[in-house]
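Chains as they are written, first to last, in the numbering used here: chain A, 135 to 229; chain B, 135 to 229.
Step one of this worksheet: look at the structure below.
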């Protein structure tokens with residue numbers, strides 16, 4: 135079953151943060167904020183994503199959280215304001 | 135019915151960002167990352183939260199997203215790494 139997967143992260147180091155964002159993109163997630171990605175993944179792909187995120191963070195300082203959001207909950211999502219596109223943040227998509 | 139509510143934001147202006155974080159705290163949410171709060175809210179409280187967040191952002195640049203996460207989804211949450219506490223970010227709590 136495919137479910138919405140939300141990844142949010144709080145990483146200070148530029149290189150590590152970039153690596154984590156690349157992992158999210160590799161798994162087909164869309165950037166919805168500077169440090170948040172969202173997309174549809176099967177349970178097995180989500181587990182692979184989590185493993186790849188763990189590897190990308192390694193022993194570096196930082197925090198990554200992965201949430202699953204079912205359709206019933208997802209329709210309740212509220213978006214306030216517009217996406218802020220920053221230099222390294224090309225390709226922000228509000229899905 | 136009480137449901138987990140997740141607020142993530144991407145706001146450049148320090149004052150606006152602080153105002154948004156204060157709103158989250160006022161509604162009893164706990165900071166789980168620099169720009170992410172989580173907590174239990176009823177549907178009506180969540181609507182009040184959304185209204186307060188809209189007011190806090192006003193016409194300023196920024197993006198706030200509010201997600202509802204049911205218990206069945208919430209147990210699938212994965213947390214990688216430790217919380218990073220920054221200067222203005224005292225009181226980070228992993229719930």
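In this text, a Cβ means the ideal position worked out from N, Cα and C, and glycines have one as well.
Values in this document were obtained by computation on a predicted structure and should not be read as measured data.
Apart from the five residues just before and just after residue 220/A, which ones in its own chain have a Cβ nearer than 7 Å to its Cβ?
-> Confidence in residue 220/A is poor, its pLDDT being 44 and thus under 50, which makes the residue's placement unreliable; the coordinate value appears in the next sentence. Taken in chain order, the residues that qualify are 168.
Any chain B beta carbon closer than 7 Å to residue 149/A = no
Cα-Cα, which of 137/A, 193/A, 181/A, 184/A is closest to residue 216/B?
-> 193/A
Whether residue 140/A touches residue 203/A by CB criterion (7 Å) = yes
Can you list, in chain order, the residues of the stretch 164-176 of chain B whose Cβ is nearer than 8 Å to any Cβ on chain A?
-> 166, 167, 168, 169, 170
Locate the alpha helix (DSSP H) running through residue 151/A, then write down its first and last residues.
-> 148-160
Spatial neighbours of residue 224/B in its chain, beta-carbon cut-off 6 Å, leaving aside the 5 residues before and after = A caution first: residue 224/B carries a pLDDT of 47, below 50, which makes its placement in the model too unreliable to give a value.
Relative to the C-alpha of residue 182/B, which residue among 148/B, 145/B, 212/B, 160/B is closest?
-> 160/B
Contact belief for residue 191/B with residue 150/B at Cβ below 8 Å, rounded distance in angstroms | 7 Å
C-beta contact flag for residue 184/B and residue 212/A at 7 Å = yes
N-terminal and C-terminal residue of the beta strand (DSSP E) that residue 209/A is part of | Segment: none, residue 209/A is in no beta strand (DSSP E) and carries neither H nor E.
What residues from the stretch 183-204 of chain B come within 7 Å of chain A, judged by C-beta to C-beta, listed N to C?
-> 184, 187, 188, 191, 195, 196, 197, 198, 199, 200, 201, 202, 203, 204
Of the residues 158/B, 177/B, 147/B, 143/B, the one placed nearest residue 126/B, counting alpha carbons only = This structure does not reach residue 126/B, given that chain B is present from 135 up to 229, and the question cannot be answered.
Give the DSSP-derived three-state secondary structure of residue 163/B in the structure shown.
-> coil
Show which residues of chain B have a CB atom less than 7 Å away from the CB atom of residue 215/A.
-> 191, 196, 197, 198
What distance in whole Å lies between the Cβ atoms of residue 172/A and residue 164/A, which are believed to be in contact at a cut-off of 8 Å?
-> 6 Å
Could you spell out the range, first to last residue, of the alpha helix (DSSP H) harbouring residue 185/A?
-> 177-191
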